[in-house]
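Same order as they appear, the protein sequences are chains A and B. Converting from the first sequence to this note's numbering requires adding 43 to each position, the first position being numbered 1. Converting from the second sequence to this note's numbering requires adding 43 to each position, the first position being numbered 1. All residues carry an ideal CB built from backbone N, CA and C; glycine is no exception. It should be emphasised that the depicted structure is a prediction, and the values quoted were computed from it without experimental measurement.
There are 2 protein chains.
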Amino acid sequence: MRFMTSLRFIDVVAREGSIRKAADKLAITSTALNRRILQIEEEIGQPLFERLPGGVRLNTAGEIFLQHIRSQFADLARVQSQIADLSGIRRGHVQIASGADALRRFLPEAIATYRGAHPAVSFDLTRCYGEEAEARLFSLDADIALLFAPIRAAHVHVAATLRQQIQCVMPAGHRLAGKDAIRIRDLSDERVVLPTAQSGVRQLMDTAFLRRSVEPDVILESDSFEFMQNFLHFEPAIFFQIPIAIDAGRAGGGADATDFDERLVSRPVDMADVAPGTLHICHLKGRVLPVAAAKFLDDIITGLRGRYSDEVDQ
Amino acid sequence: MRFMTSLRFIDVVAREGSIRKAADKLAITSTALNRRILQIEEEIGQPLFERLPGGVRLNTAGEIFLQHIRSQFADLARVQSQIADLSGIRRGHVQIASGADALRRFLPEAIATYRGAHPAVSFDLTRCYGEEAEARLFSLDADIALLFAPIRAAHVHVAATLRQQIQCVMPAGHRLAGKDAIRIRDLSDERVVLPTAQSGVRQLMDTAFLRRSVEPDVILESDSFEFMQNFLHFEPAIFFQIPIAIDAGRAGGGADATDFDERLVSRPVDMADVAPGTLHICHLKGRVLPVAAAKFLDDIITGLRGRYSDEVDQ
DNA sequence: GCTGGTGGTGCATTTTTTGCATCATGCGCT
DNA sequence: AGCGCATGATGCAAAAAATGCACCACCAGC
């Protein structure tokens, strides 16, 4: 989009905090970039950046204008996808911000299924935690966010929620593997592996340990479920996940872990100790999503309703 | 705004229905304009206009895109006014679509008062009827509409309403001038002057005449209240208006017409014959108005609440 | 006071846009 | 059918705009 270049440049300069760095990234000279910015500032009638010795920073007017620019880009993408839809081919780009839980098994399959029906739609998946995901929605770097964490920002609209009970995952031969539900007190002196403090699962577990005054033997912390899962093949321990991170899409749901790793089993934590957490599927409030994103959102909510009918709300 | 020129061009071409006519209006050559359009169509990946022997017309994609363009312009105006507000000066341009009623006395004073406080805000007032006003809101040619008529379109948001009882205006010495309220049957064989069929006042009166089976002596129809009012100085007759078209702002309201023309008096039509009509103050649903327009809207609603507290809703 | 980073500016060059002349097409009128 | 008159599209040269280079002024940290 030729007529948007100057605006895109402003976005990059704001992100880089320096005209020269942005110019490098955009593969043009700093002078050309500088002049484009000066020109736009002149047209606006007011400077958008404050010039600091180490670079530039948006002033208040600049922040307002940048927000406008981003919404223009997002809206243009929506219009383009809508126009493409007219000719029968669904075209577009869907940007997703997801916690580590949903991107394990649920999103790969959901995206692949969608792309099977609409091969002209491309995806961008960024793994991130609560606040960052909300920021990405706001800066229009993400269309959709899937978060297993409370929603803080007022500008986020929750399109659907999914209640998820935390599961304990352990080697098949583990002494707790035979129980139907795991109590927190069962975990005292057990070796456990915990996700990072930013994770929603971790926050629920921390609360539970504190409430029951149980101090497990934390042998490892990681932000990678894949790493933790593979670690269990070498040292027996327990780690925690939500069903959506475990279940294969084709299964009817439930907590049986056989289809993600035959040597591991999962058992739910007892409801009395840990209340189910909530996976939030969100987009920016007041925003009209591009066709591709809107339909994908629709698809995953419908899909979840099919698999976890009782736990899906809204 | 240099980076918006191509988009503005598309808007003009769509309105003119011809590249050459639009080029004349834009003071450039038709070839330059033609090429800009071809270029944008290429960037979009699909044509926006269908080429007819007599000119061009938007296709479906073009209509979607034009709507996008207009919303971009409106949003840019909003951002600019918001940025200007930062530096203390309220700046901007407010576009109003109004029926003939509100522009007589209410709007001139309201706009003048507002401009007294914010001299950097300019106004554009287009007189139009119901459907056209709704279309102007939708095409973003108007920020605010004041209509004494039912709202038909779903995309219009009514910010406030004002109930208005129709008034009969007549020369001071008229035989009906002494009555407190005028019944429709009083008007049979009276000489009356009616506004155009598109007017909300006319529609209410037509209904009333029909219901009471009264056939007045219609000696004149006009779409100009000013003309009708001045006509009464030369031939005694009755015409109809709503209070907001009569009252001066400084007055406490009411139907006494002395302050708009000493030789005329106004008396309300009896409620039993004609129910009060509604003046709607609207803007486009879902739209964030520019600061200047938003504040002006606020001001007039507050002003009306002060003068006609009982009749203002929402 | 030097060094390494920043944004800003004058001038020659390159790229883009514009305008003129012209073509091809289709409608309406004779 | 033929003519006139409008439309949009295109080749090519001129005008305008954007770009890149070399350089300046400025500030922070050493």
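{"Check": "Considering only DSSP beta bridges, list what R134(B) is partnered with.", "Outcome": "The partner list for R134(B) (beta bridge, DSSP) is empty, contrary to what the question assumes."}
{"Check": "Please list, in chain order, the chain A residues whose beta carbon lies closer than 8 Å to that of F108(B).", "Outcome": "V122, I126"}
{"Check": "Taking F181(B) as the reference, which of E354(B), L129(B), A224(B), R113(B) has the closest Cα?", "Outcome": "R113(B)"}
{"Check": "Can at least three beta-carbon pairs, one atom from the region 303–321 of chain B and one from the region 207–216 of chain B, be found at a separation below 8 Å?", "Outcome": "yes"}
{"Check": "If the cut is a Cβ gap below 8 Å, which residues of chain A does M44(B) touch?", "Outcome": "E86"}
{"Check": "When the Cα atoms are used, what is the spatial distance from R77(A) to A70(A)?", "Outcome": "The sequence shown places Asn at residue 77(A), not Arg. Distance between the alpha carbons of N77(A) and A70(A): 13 Å."}
{"Check": "On the three-pair Cβ rule with 8 Å, is the region 221–241 of chain A touching the region 273–289 of chain A?", "Outcome": "yes"}
{"Check": "Figure out for me which residue from E85(A), R218(A), F92(A), I139(A) has the closest Cα to the Cα of F7(A).", "Outcome": "This structure leaves residue 7(A) out entirely; chain A is present only between 44 and 357."}
{"Check": "Within 8 Å (strictly less), CB to CB, does L50(B) reach chain A?", "Outcome": "yes"}
{"Check": "DSSP state of G221(A), grouped into three classes?", "Outcome": "coil"}
{"Check": "Which bits of chain A does L81(B) rub up against, with CB to CB less than 7 Å?", "Outcome": "Neighbours of L81(B) on chain A: none; closest Cβ ~12 Å, over 7 Å."}
{"Check": "Going along the chain, which residues of its own chain have a beta-carbon closer than 8 Å to the beta-carbon of I285(A), five neighbours each way excluded?", "Outcome": "D144, F191, Q207, Q208, I209, Q210, V244, G320, L322"}
{"Check": "Starting from the beta carbon of D118(A), find every residue of chain B whose beta carbon is closer than 8 Å, and list them in chain order.", "Outcome": "H111, S114, Q115"}
{"Check": "Taking DSSP's pairing of strands, which residues face G60(A) in a bridge?", "Outcome": "Its beta-bridge partners do not exist; DSSP assigns none."}
{"Check": "How would you list, in chain order, the residues of chain B whose beta-carbon sits under 7 Å from the beta-carbon of A104(A)?", "Outcome": "I126, L129"}
{"Check": "In chain order, what residues of the same chain lie with their CB nearer than 8 Å to the CB of R100(B), ignoring the 5 residues before and after it?", "Outcome": "G60, F92, E93"}
{"Check": "Please give the ranges of any beta strand (DSSP E) in the region 59–134 of chain B, keeping only runs that are unbroken, at least 3 residues long and fully inside the region.", "Outcome": "92–95, 98–101"}
{"Check": "Report the rounded CA-to-CA distance for I194(B) versus D356(B), giving the unit in angstroms.", "Outcome": "15 Å"}
{"Check": "Compare the C-beta of Q210(A) against all C-beta atoms of chain B and say whether one is closer than 8 Å.", "Outcome": "no"}
{"Check": "Would you check if the distance between the CB atom of L129(B) and the CB atom of L150(B) is smaller than 8 Å?", "Outcome": "no"}
{"Check": "Thinking C-alpha only, which one of R226(A), N273(A), F274(A) is nearest P259(A)?", "Outcome": "R226(A)"}
{"Check": "Which residues in chain A have a C-beta closer than 9 Å to the C-beta of Q272(B)? List them in chain order.", "Outcome": "Result: empty, since nearest Cβ-Cβ is about 44 Å, beyond 9 Å."}
{"Check": "Which same chain residues end up closer than 7 Å to V334(B) when comparing Cβ atoms and leaving out the 5 residues on each side of it in sequence?", "Outcome": "S124, Q125, D128, R133, G135"}
{"Check": "Using CA coordinates, which residue listed in E305(A), H276(A), F277(A) is at the minimum distance from I289(A)?", "Outcome": "E305(A)"}
{"Check": "Apart from the five residues just before and just after G105(B), which ones in its own chain have a Cβ nearer than 6 Å to its Cβ?", "Outcome": "L91, F92"}
{"Check": "For I80(A) versus I62(A), is the C-beta distance shorter than 8 Å?", "Outcome": "yes"}
{"Check": "Any beta carbon from chain B within less than 8 Å of Q89(A)'s own beta carbon?", "Outcome": "yes"}
{"Check": "I need the DSSP call for E264(B), collapsed to helix, strand or coil.", "Outcome": "strand"}
{"Check": "Go to P311(A), then tell me how far its beta strand (DSSP E) extends in each direction, as first and last residue.", "Outcome": "307–311"}
{"Check": "At what residue ranges does the region 134–220 of chain A contain a whole run of the beta strand (DSSP E), taking only runs of 3 or more?", "Outcome": "135–141, 164–170, 187–191, 199–207, 210–214"}
{"Check": "Could you please give the first and the last residue of the uninterrupted alpha helix (DSSP H) stretch that includes T250(A)?", "Outcome": "243–254"}
{"Check": "Report the residue from V137(B), R310(B), F274(B) whose alpha carbon sits nearest the alpha carbon of V7(B).", "Outcome": "Outside the shown range of chain B, which is 44 to 357, sits residue 7(B), and nothing can be said about it."}
{"Check": "Do you know how far the Cα of S49(B) is from the Cα of I83(B)?", "Outcome": "8 Å"}
{"Check": "What does DSSP give as the partner residue(s) for L275(B) in the beta ladder?", "Outcome": "According to DSSP, which records beta bridges pairwise, L275(B) is partnered with nothing at all."}
{"Check": "If you follow the alpha helix (DSSP H) that F46(B) is part of, which residue opens it and which one closes it?", "Outcome": "Run containing F46(B): none; DSSP gives neither H nor E here."}
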